[in-house]
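S.K.:
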Amino acid sequence: MKFLENLVNMKLNNIRRGELLQLAKQNGIALSTAEADQIAMELNGKNYNLFNDSHRNMILNKISGIVGNERAKQIEYVFLKLTGR
16 MKFLENLVNM KLNNIRRGEL LQLAKQNGIA LSTAEADQIA MELNGKNYNL FNDSHRNMIL
76 NKISGIVGNE RAKQIEYVFL KLTGR
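Residue numbers (the working numbering): 16 to 100.
(1) When you compare the region 34-43 with the region 70-77, are there three or more beta-carbon pairs, one atom per stretch, that lie closer than 8 angstroms?
(2) Please look up how many angstroms separate the CB atoms of L35 and L65, rounded, as I've assumed it's under 8 angstroms.
(3) In angstroms, rounded to a whole number, what distance separates the CA positions of I74 and Y63?
(4) Whole angstroms are fine: how far does the CA of I30 sit from the CA of V93?
(5) Work out the CA separation of G60 and D52 for me, nearest whole Å.
Here is the structure:
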């Protein structure tokens, strides 16, 4: 399980705009190119752990500031699917 956690976290901490836009589309979340750029800038190069509740909440708070609470909740659902929670 640790291997999969590391893989998910590595992808999260190195995600690019195109990947974010593709994930958003797959999950029915409206996301503009500018928003995807801002989110990618927040995540890239960091050492966030999506499986850690406080890290996940910190990420969601930052995303909420970019896309608003409603879409941040949709993104939280995707995070929970990825972490198996």
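All C-beta atoms, glycine included, are put in the ideal place defined by N, C-alpha and C.
M.R.: Reading it off the structure:
(1) no
(2) As a first step, residue 35 is located in the sequence shown; it is residue number 20 there, counting from the start. As a first step, residue 65 is located in the sequence shown; it is residue number 50 there, counting from the start. L35 to L65, Cβ: 14 angstroms. No contact.
(3) The sequence position of residue 74 within the sequence shown is 59, counting from 1. The sequence position of residue 63 within the sequence shown is 48, counting from 1. Using only the alpha carbons, I get a separation of about 8 angstroms.
(4) Position 78 of the sequence shown holds residue 93. Position 15 of the sequence shown holds residue 30. C-alpha separation (whole angstroms): 15 angstroms.
(5) The residue given as residue 52 occupies position 37 in the sequence shown. The residue given as residue 60 occupies position 45 in the sequence shown. Using only the alpha carbons, I get a separation of about 14 angstroms.
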